[in-house]
Amino acid sequence: DARVSFTLPPTLRAGVETQITPALRAEVALAVELWSMHDEIAIAPGSIRIEDVAGGPLELRDVTVPRDYKTSLAPSVGVEWHGPQLMLGAGYAYETAAAPASTVTVRTVDAAKHLFAIGGGYEADGWQIGAALGFVQLADVDVTVVEAAVPALSPLRETPLITGVNAGSYASYYLVGGLRFARRW
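Numbering (this note's numbering), first residue to last: 175 to 359.
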C-alpha cells in the first residue's frame, strides 16, 4: 500500500481583450499559479520491503522530497488579425520561477522564462488549417554545493542523508509547434 502525496496548485487567470479594428484584436492577461501550496512530495512505501538479501529483509522508510515552491506570475500580451480567409497571431509572456534555485534538479528544471509565439490559419469552404510555433527560453540557474537543498533519497537509511545532490548548472529552452485541421458545417 505505497502512497505518494503532494498538493498541486490552483491557477487563477484573468484577461482583457479589445477590438482595435473589426479585424484586429489585442489581449493582456495575467495567470497566477499558487505553487506555494506545493511544499513537498511525501512518499510512504507502506509495507514494501526488500527480501532475500544479506542483512534483510529491509523495510523501506518514508521519504520526503522538499519542494518549497513559490507562487508564480505570468503576465502576457497577444494580438490577432482576422482577414476574410487568413488569420495571424503573435504573443509574448513572461513567467516567474516557482522553484527556488536551491531546489532545481534535472528532474525539475524551473526558472524565469520568456515565451514567444506566432501562428496563423487559413479558412475556405468550411475547412480550416492552422499552425503555431512557440519558443520558451529559461534563465540559466547555477546551484552551488552550499546552496543545494535536494537530498539523496535514501529509503533504507534510519537517518536520511543531508547532502544535497542537485548542485550544478542548468540551462533549458523549448521549441514547440502545433498544427490544426478542422471542418465546419
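The beta-carbon is built from N, C-alpha and C at its ideal position, and this holds for glycine as well.
Here the structure is a predicted model, which is why all the values come from computation and not from measurement.
Counting every other CB atom within 10 Å of its CB across the protein chains shown gives W301 a total below 16, marking it as exposed. Residue state for W359 is assigned as coil, using DSSP reduced to three classes.
Non-local C-beta neighbours of D314 in its own chain, meaning closer than 8 Å and more than five positions away in sequence, comprise A285, S343, Y344, A345, ordered along the chain. For L353, the CB contacts under 6 Å within the same chain, skipping 5 residues up- and downstream, are A305 in chain order. Collapsing the DSSP output to three states places S250 in a strand. Note that the C-beta distance between V206 and L182 is not below 8 Å. Secondary structure of S276 (DSSP, three-state): helix. About 4 Å separates the CB atoms of A248 and E269; that is less than 8 Å, so the two are in contact. Taking the C-beta atoms as reference points, N340 is found no nearer than 8 Å to V310.
For L262, the CB contacts under 6 Å within the same chain, skipping 5 residues up- and downstream, are W255, G294 in chain order.
In the same chain as S221, and ignoring 5 residues on each side of it, the C-beta atoms closer than 7 Å to its own belong to D175, in chain order. Taking each of F180, R223, A326, A228 in turn and checking the Cα distance to T279, the smallest one comes out for A326. Closest in C-alpha terms to Y266, from the list L208, V202, D299, comes V202.
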